[in-house]
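*Asks:* Protein chains in written order, with full-length UniProt numbering: chain A, 1 to 179; chain B, 1 to 460.
Ideal Cβ placement from N, Cα and C applies to all residues, glycine included.
Structural data, given as structure tokens:
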């Protein structure tokens, strides 16, 4: 099976704005000494980020609903996986973008799934390749039964059991490594 | 390259053998690794299916027993996770191994419609409705036994595979044994080839030497018969002349013819002697009668015997001798012959008016004789050949100087038989120096040894 992987950024106007705001807040934060607080989720919480992050919205953690995730810069990855038939197109937010957005003080994370599976994602992966928190597969939201709602996707995984082990599905929680 | 061409079959067999061994080892190791991975993967997937089934069941029971921590949503979520396990087996490469297992299809035929039914039932969950609990539970428990049976089948199958995999190890060991044996075999084969090649080479060299010796002997025979015929023709010719024309010849003519006959006879006799001597030397049948002699007396005898002949061709022959006697243990007759050969050779190759000097002096435990001429010299490439009997004969084909040319070869043989050695240095156009070194007899012990040696030799 051939592997096709492509990643492209399609920043919407909103995403551009959020980057500008993030950049501005980066400049402003040393003066204010406090990070700008994160908005509150309005829908069902699909992802909780805990640990060494500066921007939170609920008692030291950052809760995201699907809308909030979709508001972040969108990235598309097309790739084949060991659990699907043929190339699949995944839409989502890059883990590194999410961590930057939350002003993480460490780029390595532990990921936990709904089914209690957990795996460590090392910082090197974030720099070496596109590690995507996918929320749509082939344009559709993913149900829990089809490994959703969130699925960590690596663009080139068929050859490596190690990489496959990090492609955690039914992702629910990210714990950012110690400061 | 030629060796590869010659033994191509051996090389091909070796290559095929090594290739087959390498390939089978590689495949065995690869299979074993792949099998182990597949086992782990299929066991894990099957076990997860069963696990999620039981989690769903126990969560359902907790929900209906009014557990405040368990919501309808959490039951639905758990069931979806169970469903995702089914999908993981049903789609993608990871589950492909399991889709070929026994009873997979009947299980799926059971699971897929049941899941749809249960999903519908889960939509309107009410923890206060025990009959609903019974209905949903019935739907779920109908799946329990088939799932457990199938999972057990997968685990048992994997256990069998594990047994198969562990049976690879003795095969791998045997293969390693075959590889080592094969390597030794290949090494032995290469040794055999090297030996065969060396033998063929030796044989080739021996044949070449034999061919060379044969050619040399043929040439020798051709020249020798020519050399024999020349004086014989003279003897026969002059004798016939004397018989048929005796009355018509003057006294002077008769005497001249008789002189020619005698000198031809002597020449013939010398040639035959040379040939016989050479034959004795080259077959190792030279027997020496050793006794202590003063080398000076032998040199004097030789020089005086050759003096008149030298004068005839205008060569000045001079001997330079020390005043003290130098004793050597030698066969006087053979040594005389050897030195005569060397000196007469020098005279023969020296042009009229030039000199030949014979010197003699003691150097340590040896006496050194030098015969120095200012003759035509010997080219450097020929130097080490001139003491070989047949080689000289070969070269005599374009002879200007006549004779069999065995002189130096005989001298060399005689000197070596005396425990001495003969060396020649020469420059073309400047002359030649033949040096002979012989051990001397100096001490009383030496004399005793000499006498003993003499007795030993005489006993034969």
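Determine the closest residue to residue 131 of chain A out of A:108, A:61 and A:144, with distance taken between C-alpha atoms.
*Replies:* Per the Cα distances, A:108.
*Asks:* Cutting at 6 Å between CB atoms, please list the residues of its own chain near residue 359 of chain B, excluding the five before and the five after it.
*Replies:* Here the set comprises 320 and 370.
*Asks:* Quick check: the Cα distance between residue 478 of chain B and residue 205 of chain B, rounded to an integer number of angstroms?
*Replies:* In the structure displayed, chain B extends from 1 to 460; residue 478 of chain B sits before or after that span and is not available.
*Asks:* Does the Cβ-Cβ distance between residue 342 of chain B and residue 408 of chain B come in under 9 Å?
*Replies:* Taking 9 Å as the Cβ cut-off, residue 342 of chain B and residue 408 of chain B qualify as a contacting pair.
*Asks:* Taking 9 Å as the CB-CB cut-off, is residue 75 of chain A touching chain B?
*Replies:* Residue 75 of chain A does not count as touching chain B.
*Asks:* Using C-beta distances below 8 Å, list every residue in its chain close to residue 88 of chain A, excluding the 5 sequence neighbours before and after it, in chain order.
*Replies:* Cβ neighbours of residue 88 of chain A beyond the five flanking positions: 78, 79, 80, 81, 137 and 138.
*Asks:* What do you reckon, are the CB atoms on residue 148 of chain B and residue 50 of chain B nearer than 9 Å?
*Replies:* Yes. Within cutoff.
*Asks:* For residue 75 of chain A, report the span of its beta strand (DSSP E) as first-last.
*Replies:* It spans 75-79 - the beta strand (DSSP E) in which residue 75 of chain A sits, taken as one unbroken run.
*Asks:* Applying the criterion that 16 or more other CB atoms from any shown protein chain within 10 Å of the CB defines a buried residue, is residue 462 of chain B buried or exposed?
*Replies:* There is simply no residue 462 of chain B to check, as chain B begins at 1 and stops at 460 in what is shown.
*Asks:* At a cut of 8 Å, does the segment 75-87 of chain B reach the segment 167-182 of chain B through at least three beta carbon pairs?
*Replies:* No, they do not touch.
*Asks:* What is the C-beta distance between residue 50 of chain A and residue 103 of chain A, in whole angstroms, given that I count them as a contact (C-beta under 8 Å)?
*Replies:* The Cβ separation is near 14 Å, so there is no contact.
*Asks:* Measuring alpha carbon to alpha carbon, tell me which residue in B:412, B:367 and B:162 is nearest residue 384 of chain B.
*Replies:* When only C-alpha atoms are compared, the closest one is B:412.
*Asks:* In chain B, which residues lie less than 8 Å from residue 170 of chain A when you measure between Cβ atoms?
*Replies:* Correct list: 81 and 84.
*Asks:* State yes or no: is the C-beta of residue 327 of chain B within less than 9 Å of the C-beta of residue 368 of chain B?
*Replies:* Cβ atoms of residue 327 of chain B and residue 368 of chain B: not closer than 9 Å.
*Asks:* Give the DSSP-derived three-state secondary structure of residue 163 of chain A in the structure shown.
*Replies:* Helix.
*Asks:* Give me the subset of the segment 85-101 of chain B whose CB atoms are less than 7 Å from a CB atom of chain A, sorted by chain position.
*Replies:* Hits within the stretch, in order: 87, 88, 91, 92, 93 and 94.
*Asks:* Between B:97, B:304, B:186 and B:233, which has its C-alpha nearest residue 10 of chain B's C-alpha?
*Replies:* That would be B:186, whose Cα lies nearest to the Cα of residue 10 of chain B.
*Asks:* Excluding the 5 residues flanking residue 301 of chain B on each side, which residues of the same chain have their C-beta closer than 8 Å to its C-beta?
*Replies:* Excluding residues within five positions, the ones whose Cβ falls inside 8 Å are 336.
*Asks:* For residue 168 of chain A, I'd like the list of residues in its chain whose CB is within less than 7 Å of its CB, leaving aside the five on either flank, ordered along the chain.
*Replies:* Answer for residue 168 of chain A: 111, 113, 117, 119 and 152, listed in chain order.
*Asks:* Taking 9 Å as the CB-CB limit, is residue 140 of chain A close to chain B?
*Replies:* So, not an interface residue.
*Asks:* Quick one: grab the DSSP three-state call for residue 145 of chain B.
*Replies:* In this structure, residue 145 of chain B counts as helix in the three-state DSSP scheme.
*Asks:* Residues of chain B with a CB under 8 Å from the CB of residue 98 of chain A: which are they?
*Replies:* Chain B residues near residue 98 of chain A: none, gap ~23 Å exceeds 8 Å.
*Asks:* Buried or exposed, going by whether 16 or more other CB atoms sit within 10 Å of the CB of residue 31 of chain A?
*Replies:* Here residue 31 of chain A scores only 37 on pLDDT, less than 50, and its place in the model should not be relied on; the value that follows carries that caveat. With fewer than 16 Cβ atoms within 10 Å of its Cβ, residue 31 of chain A is classed as exposed.
*Asks:* Secondary structure at residue 111 of chain A, three-state DSSP: helix, strand or coil?
*Replies:* In the structure shown, residue 111 of chain A sits in a strand (DSSP, three-state: E or B).
*Asks:* I'd like the span of the alpha helix (DSSP H) that includes residue 83 of chain B, first residue to last.
*Replies:* Start and end: 72-90.
*Asks:* Roughly how far, in whole angstroms, is the beta-carbon of residue 350 of chain B from the beta-carbon of residue 374 of chain B, given that I think they are within contact range, below 8 Å?
*Replies:* The Cβ separation is near 6 Å, so the contact holds.
*Asks:* Would you report the Cα separation of residue 115 of chain B and residue 52 of chain A, rounded to the nearest angstrom?
*Replies:* About 41 Å.
*Asks:* Just to confirm the assignment, what range does the alpha helix (DSSP H) spanning residue 8 of chain B have?
*Replies:* Note, residue 8 of chain B: alpha helix (DSSP H), 8-64.
*Asks:* With 9 Å set as the bound, which would you pick, yes or no: does the beta-carbon of residue 105 of chain B sit closer than that to a beta-carbon of chain A?
*Replies:* Cβ-Cβ to chain A under 9 Å: no for residue 105 of chain B.
*Asks:* Counting Cβ pairs, one atom from each stretch, are 3 or more of them under 8 Å apart for the segment 10-19 of chain B and the segment 142-150 of chain A?
*Replies:* Result no; under three Cβ-Cβ pairs closer than 8 Å.
*Asks:* Can you check whether the CB of residue 376 of chain B is closer than 9 Å to the CB of residue 353 of chain B?
*Replies:* Not a contact, by the Cβ cut-off of 9 Å.
*Asks:* Mind checking residue 161 of chain A: buried by the 16 CB within 10 Å criterion, or exposed?
*Replies:* The residue is exposed, with fewer than 16 neighbouring Cβ atoms inside 10 Å.
*Asks:* Flag this pair as yes or no: are the beta carbons of residue 132 of chain B and residue 124 of chain B separated by less than 9 Å?
*Replies:* It is a contact, given that the beta carbons lie within the stated cut-off.
*Asks:* Starting from the Cα of residue 36 of chain B, find the closest Cα among B:139, B:159 and B:46 and give me that residue.
*Replies:* Nearest option by C-alpha distance: B:159.
*Asks:* Using the Cα positions of residue 332 of chain B and residue 290 of chain B, report the straight-line distance between them to the nearest angstrom.
*Replies:* Roughly 8 Å between the two C-alpha positions.
*Asks:* Run through chain B and tell me which residues come within less than 7 Å of residue 85 of chain A, C-beta to C-beta.
*Replies:* 91 and 92, listed in chain order.
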